[in-house]
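Undergrad: Just passing along the structure, written as structure tokens.
2 protein chains.
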Amino acid sequence: MTGPDLRRGPNEALGAAGPTPTHRRMPTIDDVAKLAGVSRGTVSRVLNGGHYVSPGALAAVQRAVRDSGYMVNASARSLVTKRSNAVAFVLSEPQERLFTDPNFSVLLPACTQALAEEGLSLILMVAADEEERNRVLHYVHSRHVDGVLLVSTHGGDPVFGALQRSQIPAVACGRPLDHEVTIPFVSADDREGGRQMTRYLRERGHQHIAIIGGPQDTAGGYDRLQGYRDILGRRALKRLTVCAPDFGYEAGKRAMRELIGANPDIDAVFAASDLLASGALTTLRRSGRRVPDDVAVGGFDDSSIAATSDPPLTTIRQPLEQVAKEMVEVLLALIRHEPASSRVLPTQLVVRSSA
Amino acid sequence: MTGPDLRRGPNEALGAAGPTPTHRRMPTIDDVAKLAGVSRGTVSRVLNGGHYVSPGALAAVQRAVRDSGYMVNASARSLVTKRSNAVAFVLSEPQERLFTDPNFSVLLPACTQALAEEGLSLILMVAADEEERNRVLHYVHSRHVDGVLLVSTHGGDPVFGALQRSQIPAVACGRPLDHEVTIPFVSADDREGGRQMTRYLRERGHQHIAIIGGPQDTAGGYDRLQGYRDILGRRALKRLTVCAPDFGYEAGKRAMRELIGANPDIDAVFAASDLLASGALTTLRRSGRRVPDDVAVGGFDDSSIAATSDPPLTTIRQPLEQVAKEMVEVLLALIRHEPASSRVLPTQLVVRSSA
DNA sequence: CAGGAATCTGTGAGCGGTCACACTAACTGT
DNA sequence: ACAGTTAGTGTGACCGCTCACAGATTCCTG
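Here's what the structure looks like:
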């Protein structure tokens, strides 16, 4: 005997913006069942694919759902299915990165998008310091989320190990440098990208091709430099190489200053990121050199600033939207206990005016 | 890598992946209770503040929690408390904005941070088109989240109305232009900011101060232009005013071209965003004008590009970290059914080299 | 036309917490 | 001494859903 809907306020306001003082109780699956004249089970079946439901019941339930404005209660469902339909996007980096690195600004919405298409939502977490890292780990471990998308460039990040130990489905963005880490990853082919740009600069006839490498404790920084060396071999002199401590604009300015100081007849520079390249551009302009006439500049990422810098940057395109999509794919496979492995996506040379 | 695939049956049914066989069952509150030799209720009390618990029981429970690796199940808790401890960050804008607008890159992590400090997590949602908007609304309405942080600049956004009708706690970033909208908001004082910059340019002795206004269907675009007019009054000639269709770089380039076409003796420009200013810079450089000697340029936002553009931009600082913090404050008040109202934060002139 | 398969439906038993309530025991004040 | 607090505890009733199972139809198919 299920009692009728008592103790609801007399307030029947529906669409109107009428001031409803107390929270109107949300209709439950039982309300819908009663309204449709069927059982809980049937409503549930309709809600989960509609298999084994007669056309009549289906229609009745759908109408009841519409009429009552019913929405399934996520907590109740998660409680029994043990699936939260949410994924954590963990940024295990100092805060500034989110501020400055344009790559996140495309990776993040792309992941949101790809997840949304699968009915999953993205929970953003930043793990800059020890305390935040613990909070994130605690959160993840208590099964708030079905999986983790991990963005951390620097090697030796403790989050990798912790995640790995806890058996939670996780995918990294970019190849983890730490060899102990077996979490699958998705990344662009940084090394080949480095080769592409270096090859291009050499083919354009440049004789003194310098490189502003990224931080060597990141896969991107390391691999791009390797690609450069793959092409130039021993011709890649020490004084043509500077490694920046980060991928940012200021670092690019400084590195470029160092380079022209050490080697004034440089006629080309490959910077390991667009931001570095943009900094290099500034230094070159201030030193009175014209780009690309005196010095050609190549970037990496094809981020938004590549097109808006002056001159627009010739760069290596990282297919970040694709990276996001595949990260989600791999994570989904992991969540479903299907086999999944790391993926490396091809890069592409984008020629603009700077080289 | 994971070992061979041991799934039973090739069933590919939707969501019908069986109960995960390998997962060892997470300890429940009953396990902890048994381990500590107390009842469920006592454990629950410990978990929720520890009031009315004897020191002995407290210690026993804490040890049991530690030993068993227990973590509370969020779904179970949410089911009864009706609180999800999550907040949606809804970006109701075309995708590109997240890509290009540097403001989001500071607002977003700042909100994440502020929420995390209150034990809330941030769920990122992008509502670019009709379909996505419905998905977001559906999500929010089904009480997945306790509240919504809404970022939408353009007036007439249907999300406002929908959110308002549904009685869900919500706070907007930036003043909604639509007068029907009563959702509280937090924003910088755009109008006063516009006055500050215009006043500064006038005080520096500039005679022909133009403005590149933002889109007039956004509060920022509209108010900054009003601020400019507050100072210049009728001296603000039509041919000194151009309104860009968005706050972006390209729009700035184009607008600047229009301005110098219509009025070659412009000696100062106030751009309604740093990105617009940056575009103006490019056009000015190409037209052979020096900044700030020939033309002074003022921006707005004090975003990351302000410091890295060439020359560095004199601009108006929006306290976005503060905006984020106060948005969370207001939202929290709303969630707790405490009174809360909109807040407008002061802006600040930041002098660099461009003006 | 019997009988097995396939379709459709309702029911009860949880999922893992919280919370109100009842109860005990020790501590008050008069 | 007795009632009245107050601290500390256990219990049962949910919260809203899914899922396995059993029962009831209908649909073949030999």
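Residue numbers (the numbering used here), protein chains in the order written: chain A, 1 to 355; chain B, 1001 to 1355.
Glycine is no exception: its CB is placed at the ideal position from the N, C-alpha and C atoms.
Taking the alpha-carbon positions, what's the residue 1155 of chain B to residue 1218 of chain B distance?
TA: Locating residue 1155 of chain B in the second sequence gives position 155, counting from the first residue. Locating residue 1218 of chain B in the second sequence gives position 218, counting from the first residue. Taking the straight line from one Cα to the other gives about 6 Å.
Undergrad: For the region 297 to 315 of chain A, which residues have a beta carbon sitting closer than 7 Å to at least one beta carbon of chain B?
TA: Under the 7 Å Cβ criterion, the region 297 to 315 of chain A contributes 304, 308 and 310.
Undergrad: According to the Cβ coordinates, are residue 943 of chain B and residue 1263 of chain B closer than 9 Å?
TA: Residue 943 of chain B lies beyond the range of chain B shown here (1001 to 1355); nothing can be said about it.
Undergrad: Between residue 228 of chain A and residue 194 of chain A, what straight-line distance do the alpha-carbon atoms span, to the nearest angstrom?
TA: Position 228 of the first sequence holds residue 228 of chain A. Position 194 of the first sequence holds residue 194 of chain A. Cα-Cα distance, rounded: 5 Å.
Undergrad: Do residue 320 of chain A and residue 147 of chain A have their beta-carbon atoms positioned less than 9 Å apart in this structure?
TA: The sequence position of residue 147 of chain A within the first sequence is 147, counting from 1. The sequence position of residue 320 of chain A within the first sequence is 320, counting from 1. No.
Undergrad: Taking the alpha-carbon positions, what's the residue 1162 of chain B to residue 1065 of chain B distance?
TA: Walking along the second sequence from the start, residue 1162 of chain B turns up at place 162. Walking along the second sequence from the start, residue 1065 of chain B turns up at place 65. Going by the C-alpha atoms only, they are around 43 Å apart.
Undergrad: Return helix, strand or coil for residue 1407 of chain B, following the three-state DSSP convention.
TA: The displayed coordinates of chain B run from 1001 to 1355. Any statement about residue 1407 of chain B would go beyond what the structure contains.
Undergrad: Provide the residue(s) that pair with residue 1154 of chain B in DSSP beta bridges, ordered along the chain.
TA: Here residue 1154 of chain B refers to the residue found at position 154 of the second sequence. DSSP output for residue 1154 of chain B lists B:1218 as bridge partner(s).
Undergrad: Hey, could you find the ends of the beta strand (DSSP E) residue 298 of chain A is sitting in?
TA: Locating residue 298 of chain A in the first sequence gives position 298, where the first residue counts as 1. Residues 296 to 298.
Undergrad: For residue 1348 of chain B, name the three-state secondary structure that DSSP assigns.
TA: For this step, residue 1348 of chain B is matched to residue 348 along the second sequence. Here residue 1348 of chain B sits in strand by DSSP.
Undergrad: The beta strand (DSSP E) with residue 1198 of chain B in it runs from where to where?
TA: One-based indexing of the second sequence puts residue 1198 of chain B at position 198. No beta strand (DSSP E) holds residue 1198 of chain B; the alpha helix (DSSP H) holding it covers 1190 to 1203.
Undergrad: Does the distance from the C-beta atom of residue 1349 of chain B to that of residue 1316 of chain B stay below 9 Å?
TA: Against the second sequence, residue 1349 of chain B aligns to sequence position 349. Against the second sequence, residue 1316 of chain B aligns to sequence position 316. Yes, the Cβ-Cβ distance between residue 1349 of chain B and residue 1316 of chain B is below 9 Å.
Undergrad: If contacts are defined as beta-carbon pairs under 8 Å, then residue 1298 of chain B and residue 1201 of chain B qualify, I think. What distance do you get, rounded to the angstrom?
TA: Residue numbering aside, residue 1298 of chain B sits at position 298 when the second sequence is read from its first letter. Residue numbering aside, residue 1201 of chain B sits at position 201 when the second sequence is read from its first letter. Residue 1298 of chain B to residue 1201 of chain B, Cβ: 6 Å. Contact.
Undergrad: Between residue 108 of chain A and residue 89 of chain A, which are expected to be in contact by the criterion C-beta below 8 Å, what is the C-beta distance as a whole number of angstroms?
TA: Residue mapping note: residue 108 of chain A aligns to position 108 of the first sequence, counting from 1. Residue mapping note: residue 89 of chain A aligns to position 89 of the first sequence, counting from 1. At roughly 7 Å, the Cβ-Cβ gap stays under 8 Å, so residue 108 of chain A and residue 89 of chain A are in contact.
Undergrad: For residue 343 of chain A, which three-state DSSP category applies?
TA: Sequence index remark: in the first sequence, residue 343 of chain A carries index 343 (1-based). Three-state result, residue 343 of chain A: strand.
Undergrad: Go ahead and label residue 1010 of chain B buried or exposed: buried means 16 or more other beta carbons lie within 10 angstroms of its beta carbon, across all protein chains shown.
TA: Taking the second sequence and counting its residues from 1, the one referred to as residue 1010 of chain B is at position 10. Confidence at residue 1010 of chain B is low in this model, with a pLDDT of 28, below 50, so the placement of that residue should be treated as unreliable; the coordinate-derived value is given next. Counting Cβ neighbours within 10 Å, residue 1010 of chain B comes out exposed, since fewer than 16 surround it.
Undergrad: How close, in whole Å, do the beta carbons of residue 291 of chain A and residue 311 of chain A come, if the pair is a contact with beta carbons under 8 Å?
TA: For this step, residue 291 of chain A is matched to residue 291 along the first sequence. For this step, residue 311 of chain A is matched to residue 311 along the first sequence. Residue 291 of chain A to residue 311 of chain A, Cβ: 6 Å. Contact.
Undergrad: Enumerate in chain order the residues of its own chain whose CB-to-CB distance from residue 282 of chain A is below 7 Å, with the five nearest sequence positions on each side excluded.
TA: Mapped onto the first sequence, residue 282 of chain A falls at position 282. The residues are 253.
Undergrad: Is the number of C-beta pairs between the region 1171 to 1185 of chain B and the region 1320 to 1332 of chain B that are closer than 8 Å three or more?
TA: Taking 8 Å as the limit for Cβ pairs, the verdict is that the region 1320 to 1332 of chain B does touch the region 1171 to 1185 of chain B.
Undergrad: In terms of alpha-carbon separation, which member of A:102, A:106, A:143 and A:75 lies closest to residue 1070 of chain B?
TA: If you number the second sequence from 1, residue 1070 of chain B lands on position 70. For residue 1070 of chain B, the nearest C-alpha among the options comes from A:143.
Undergrad: Give me the DSSP bridge partner(s) of residue 1317 of chain B.
TA: By one-based count along the second sequence, residue 1317 of chain B stands at place 317. According to DSSP, residue 1317 of chain B bridges with B:1301 and B:1348.
Undergrad: Which term fits residue 21 of chain A, buried or exposed, when burial requires 16 or more other beta carbons within 10 angstroms of its beta carbon?
TA: On the first sequence, position 21 is the one that residue 21 of chain A refers to. No answer about residue 21 of chain A holds up, because its pLDDT of 36 lies below 50 and its placement is not dependable.
Undergrad: State buried or exposed for residue 1206 of chain B, treating a residue as buried only when at least 16 other CB atoms are found within 10 Å of its CB.
TA: Translated into positions along the second sequence, residue 1206 of chain B becomes position 206. So residue 1206 of chain B counts as buried.
Undergrad: Where does residue 213 of chain A land, buried or exposed, given buried means 16+ other C-beta within 10 angstroms?
TA: Position 213 of the first sequence, counted from the first residue, corresponds to residue 213 of chain A. Classification for residue 213 of chain A: buried.
Undergrad: Can you round the beta-carbon distance between residue 1153 of chain B and residue 1192 of chain B to whole angstroms, since I take them to be within the 8 Å contact cut?
TA: Your numbering for residue 1153 of chain B matches position 153 in the second sequence. Your numbering for residue 1192 of chain B matches position 192 in the second sequence. Not really, about 18 Å apart at Cβ, beyond 8 Å.
Undergrad: Three or more beta-carbon pairs under 8 Å between the region 39 to 48 of chain A and the region 1039 to 1048 of chain B, yes or no?
TA: No, the region 39 to 48 of chain A is not in contact with the region 1039 to 1048 of chain B.
Undergrad: Residue 203 of chain A CB to nearest chain B CB: under 9 Å?
TA: Within the first sequence, the letter at position 203 stands for residue 203 of chain A. No, because no Cβ of chain B sits closer than 9 Å to the Cβ of residue 203 of chain A.
Undergrad: Name the one or two DSSP bridge partners that residue 173 of chain A has.
TA: Counting from 1 along the first sequence, the entry for residue 173 of chain A is found at position 173. Answer is A:151 and A:186, bridged to residue 173 of chain A.
Undergrad: DSSP three-state call for residue 1106 of chain B: helix, strand or coil?
TA: For the purposes of this step, residue 1106 of chain B is taken as residue 106 along the second sequence, with counting starting at 1. Reduced to three states, the DSSP call for residue 1106 of chain B is helix.
Undergrad: Based on Cα-Cα distance, which residue from B:1247, B:1244 and B:1203 lies nearest to residue 1231 of chain B?
TA: Position 231 of the second sequence, counted from the first residue, corresponds to residue 1231 of chain B. For the residues B:1247, B:1244 and B:1203, the minimum Cα distance to residue 1231 of chain B belongs to B:1203.
Undergrad: Does any CB atom of chain B fall closer than 9 Å to the CB of residue 66 of chain A?
TA: By 1-based counting over the first sequence, the position of residue 66 of chain A is 66. No - not a single Cβ of chain B is within 9 Å of the one on residue 66 of chain A.
Undergrad: Measure from the C-beta of residue 1113 of chain B to each C-beta in chain A and report whether the shortest distance is under 9 Å.
TA: Here residue 1113 of chain B refers to the residue found at position 113 when the second sequence is read from its first residue. Cβ-Cβ to chain A under 9 Å: yes for residue 1113 of chain B.
Undergrad: Could you tell me the distance, in whole angstroms, from the CA atom of residue 1258 of chain B to the CA atom of residue 266 of chain A?
TA: For the purposes of this step, residue 1258 of chain B is taken as the residue at position 258 of the second sequence. For the purposes of this step, residue 266 of chain A is taken as the residue at position 266 of the first sequence. When rounded, the distance between both Cα atoms is 39 Å.
Undergrad: Figure out for me which residue from A:80, A:84, A:37 and A:111 has the closest Cα to the Cα of residue 323 of chain A.
TA: The sequence position of residue 323 of chain A within the first sequence is 323, counting from 1. Minimum Cα distance to residue 323 of chain A is reached at A:111.
Undergrad: Run through chain B and tell me which residues come within less than 8 Å of residue 76 of chain A, C-beta to C-beta.
TA: Along the first sequence, one-based indexing puts residue 76 of chain A at 76. The contacting residues are 1075 and 1079.
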